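*Asks:* Take a look at the following structure, please.
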Amino acid sequence: MLKTIACFKWVIDEADIKVDAATRKLILDRVGYKINSYDRNAIEEAVRLQEQHGGAVAALTLTQPTAKACLKDALSRGPDSVYFVNDSAFTGLAPLQTATLLAAAIKTGIEYDLIICGEGSSDLYSQQVGPALAEILEIPCITYVNKLSYSDGQIVADRKLDDGIETVSVKLPALVIILPDINSPRIPTLKQVLGAAKKPVHNLAIDALGPVCQPCLQTNEILAATMDRKRVKFAADAEGIRSAVGALLRDGVIS
Amino acid sequence: MAGIWVFAEDLEQTRELLGAGTELAGKLGTKLAAFAGDGELARQYIVFGADEVFLLPPLAQDQPLEAYVPVLFEAARQEDPDVFLFAATPRCKEIAARLSVKLNTGLCSGCTGIELGGGEQLLGMERMAYGGAAIQRVQCTMRPQMATVPPRTFEPSVAQEGRQGKITELKTSPHSEVKVIGRSPRQRGSVNLAEAKIIVCVGRGVGKPEDIQLARDLAEVLGGEVGCSRPVAEELNWLPEELYLGISGKKVKPELYIGLGVSGQIQHVTGIRDSKVIFAVNQDENAPIFEAADYGIVGDLYQVVPKLIEELKSALKG
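Shown next, in the form of structure tokens:
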């Protein structure tokens, strides 16, 4: 019986971010939220392993109490239950704070053999929480995995690295961080969406976890990146294309 | 000794970190140290600017590079470095993240700029957020101040022949519960997009794999190379993965980037933002690539590109 935790983050949809042109500040008050796309792969992989080997899949997220929409979204993708670790203090956390709180949540008694995390989060993309969580839980981790199999209490994984593929094995319990090319997350069916409402949601509050530790990494500001571009459009006809080529010649980038 | 420490997987990456570290060590009035797998590399690192090189114990055949986590932890615990920089390779990113837990310190992932602020010897570090749409400025409040640094962020240090330094052997045993049971080296293609002056990039707007020929034809007229967006390599598998541009792929700085059917997701734009000129052809006039482009043509690339090739041929004939 393979018990898997799939971690996910409820993130701002970056397509909704607007910028205040004068101050370069990000305007976030009207943004939508979504399950971090890399974590959809993590949930899918956990569900795929369950289909092959049985067992149970729990989804786990750490977020604001207002993020309830994430619960049905996650559950409709296949997990049996979700752990909703929420507090209004859980905002702007540094990666190590998040990992520490997730570890504390897991230690309250979430059973697991395997923890799966996605490649990173699409908002801040620090790629630290997965390995840090493993380190705090004192279990081995395997990063950058694009192929994963399980048998006899052991994981075999292909890691996609700069210089090639490294195939590794590890005994469970362990944490695996997967790349998006490992699978294609299925779109939830209507039955799954309706069924999600009936699945258990476990609320975990901050008093069960202990205090939030001080951040070791402090964010001083987040400002929009500026890029000065000419943004000149040319028509798609012969004359427009000739003008475009003329512009490239004047800029001296073709010769 | 305290100081600036750098850890990377090869000479090229180490030189870039030594380049950044030399400046920091000068300003902070401290020493610069690197890690090497053998004595020959250690001597080279000294020539390239390291004051001290820590010689790593050899790894067993079945040990991944991450087995050095306990070795680095022990060294850092004893010597208390001020700053610890890592190349942002997959392996080093894992090592740095785990080490930051063991040392209970902060880590700036994907650090693209470092400046020394105030008199507190604290580094102001910059990184990309929201797929590159924003810049996050962070500060590490504990020691050592840690960062992973993407390739080609800093200029590599230059050799100073005859430079002297100290080589110290590390005695801690490497350890990993994760065992390597196989390795298959990547087949390196001949294309080096990082050096290319002109890149023609294929996006999802290109309908069929055969149509990539259109991009190749355009690249050939211009003497450029063909790259692609992440889904073209990873989801469609039409081009090798080493050709995809973006925040998680190749970051390029060509004179001219031409996007064909590239929608311009921010993650992709971040990989091409240092291009001198960005030119986009896309059917969808609302595609975000036009916001990031100097020149744009809204149109069907199957109509536009052949005409563009003809026009370029006659313009470049002389």
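Here the protein sequences come in this chain order: H and C.
Okay, so the first sequence: first residue is 2 according to our numbering, each after it adds one.
Okay, so the second sequence: first residue is 11 according to our numbering, each after it adds one.
Where is the CB? At the ideal position from N, CA and C, for every residue including glycine.
All values reported here derive from a predicted model rather than from experimental measurement.
1) Going by beta-carbon coordinates alone, are residue 13 of chain C and residue 41 of chain C separated by less than 7 angstroms?
2) At the level of alpha carbons, what is the spacing between residue 276 of chain C and residue 239 of chain C?
3) Of all Cβ atoms in chain H, is any one closer than 7 angstroms to the Cβ of residue 177 of chain C?
4) For residue 324 of chain C, count neighbouring Cβ atoms within 10 angstroms of its own Cβ and tell me buried if that reaches 16, exposed if not.
5) Below 8 angstroms between beta carbons is the criterion; list the residues of the region 260-273 of chain C that meet it against any residue of chain H, in chain order.
6) Looking only at C-alpha atoms, which of H:184, H:149, H:155 and H:176 sits nearest to residue 167 of chain H?
7) Using a Cβ cut-off of 7 angstroms (strictly closer), state whether residue 154 of chain H contacts chain C.
8) Using a Cβ cut-off of 7 angstroms (strictly closer), state whether residue 118 of chain H contacts chain C.
9) Whole-angstrom Cβ separation of residue 249 of chain C and residue 291 of chain C, contact assumed at under 8 angstroms?
10) Return yes when the Cβ of residue 262 of chain C is within less than 7 angstroms of the Cβ of residue 255 of chain C, no when it is not.
11) Mind listing the chain C neighbours of residue 165 of chain H? Cutoff is C-beta to C-beta under 7 angstroms, in chain order.
12) Give me the chain C residues within the contact set of residue 41 of chain H, using Cβ-Cβ distance strictly less than 7 angstroms, ordered along the chain.
13) Classify residue 113 of chain H as helix, strand or coil using the three-state DSSP reduction.
14) Could you check the C-alpha separation between residue 300 of chain C and residue 17 of chain C for me, to the nearest Å?
15) With a floor of 3 residues, list each beta strand (DSSP E) that falls wholly inside the region 124-210 of chain C, ordered by position along the chain.
16) Answer yes or no: does any C-beta atom of chain H fall closer than 7 angstroms to that of residue 181 of chain C?
17) Suppose you measure from the CA of residue 153 of chain C to the CA of residue 92 of chain C; what does that come to, to the nearest Å?
18) Relative to the C-alpha of residue 63 of chain C, which residue among C:157, C:148 and C:180 is closest?
19) Looking only at its chain, what residues have a beta carbon closer than 7 angstroms to the beta carbon of residue 1 of chain H, apart from the 5 residues adjacent to it on each side?
20) For the region 286-303 of chain C, enumerate the residues whose C-beta is nearer than 9 angstroms to any C-beta of chain D, in chain order.
21) Using alpha carbons as the reference points, say which of C:283, C:60 and C:204 lies closest to residue 173 of chain C.
22) For my contact list, residue 138 of chain H and residue 107 of chain H are in at a C-beta cut-off of 8 angstroms; report their separation, rounded to the angstrom.
23) Would you kindly report the start and end of the unbroken alpha helix (DSSP H) that includes residue 160 of chain H?
24) Which residues in the same chain as residue 207 of chain C place their Cβ atom closer than 6 angstroms to its Cβ, once the five residues preceding and following it in sequence are excluded?
25) Among C:253, C:21, C:278 and C:289, which residue has its Cα nearest to the Cα of residue 268 of chain C?
26) Using alpha carbons as the reference points, say which of C:70, C:44 and C:67 lies closest to residue 58 of chain C.
27) Determine the chain H residues that contact residue 93 of chain C at a beta-carbon separation under 9 angstroms, and present them in chain order.
28) Opposite residue 149 of chain H in the DSSP bridges: which residues?
29) Who are the neighbours of residue 122 of chain H on chain C, taking C-beta pairs under 7 angstroms?
30) Given a cut-off of 7 angstroms, decide if residue 40 of chain H and residue 154 of chain H are closer than it, judged by their beta-carbon atoms.
31) Which one of H:219, H:42 and H:246 has the shortest CA to CA distance from residue 147 of chain H?
32) Determine the extent of the alpha helix (DSSP H) in which residue 42 of chain H is found, giving its start and end residues.
33) If contacts are defined as beta-carbon pairs under 8 angstroms, then residue 67 of chain H and residue 75 of chain H qualify, I think. What distance do you get, rounded to the angstrom?
34) In this structure, how does DSSP classify residue 272 of chain C when only helix, strand and coil are distinguished?
35) For the region 229-247 of chain C, which residues have a beta carbon sitting closer than 7 angstroms to at least one beta carbon of chain H?
36) Here's a check: name, in chain order, each residue in its chain whose Cβ is nearer than 6 angstroms to the Cβ of residue 167 of chain C, leaving out the five neighbours to either side.
*Replies:* This is what the structure holds:
1) yes
2) 11 angstroms
3) no
4) exposed
5) 265 and 266
6) H:149
7) no
8) no
9) At roughly 18 angstroms, the Cβ-Cβ gap does not stay under 8 angstroms, so residue 249 of chain C and residue 291 of chain C are not in contact.
10) yes
11) 193, 194, 195 and 196
12) Per Cβ cutoff of 7 angstroms: no residues; residue 41 of chain H is ~14 angstroms from chain C at best.
13) coil
14) 39 angstroms
15) 132-139, 144-150, 155-159, 176-179 and 189-195
16) no
17) 6 angstroms
18) C:180
19) Lying before the first or after the last residue shown, residue 1 of chain H is absent from chain H, which here runs from 2 to 256.
20) Within the model displayed, chain D is absent; protein chains H and C are what it includes.
21) C:60
22) 7 angstroms
23) Careful: residue 160 of chain H lies outside any alpha helix (DSSP H), inside the beta strand (DSSP E) at 155-162.
24) 264 and 265
25) C:289
26) C:44
27) Those do not exist, as residue 93 of chain C stays about 14 angstroms from chain H at its closest Cβ, beyond 9 angstroms.
28) H:158
29) Chain C residues near residue 122 of chain H: none, gap ~10 angstroms exceeds 7 angstroms.
30) no
31) H:42
32) 38-54
33) Not confirmed; about 16 angstroms, so no contact.
34) coil
35) 232 and 244
36) 25, 28, 29, 32, 58 and 59
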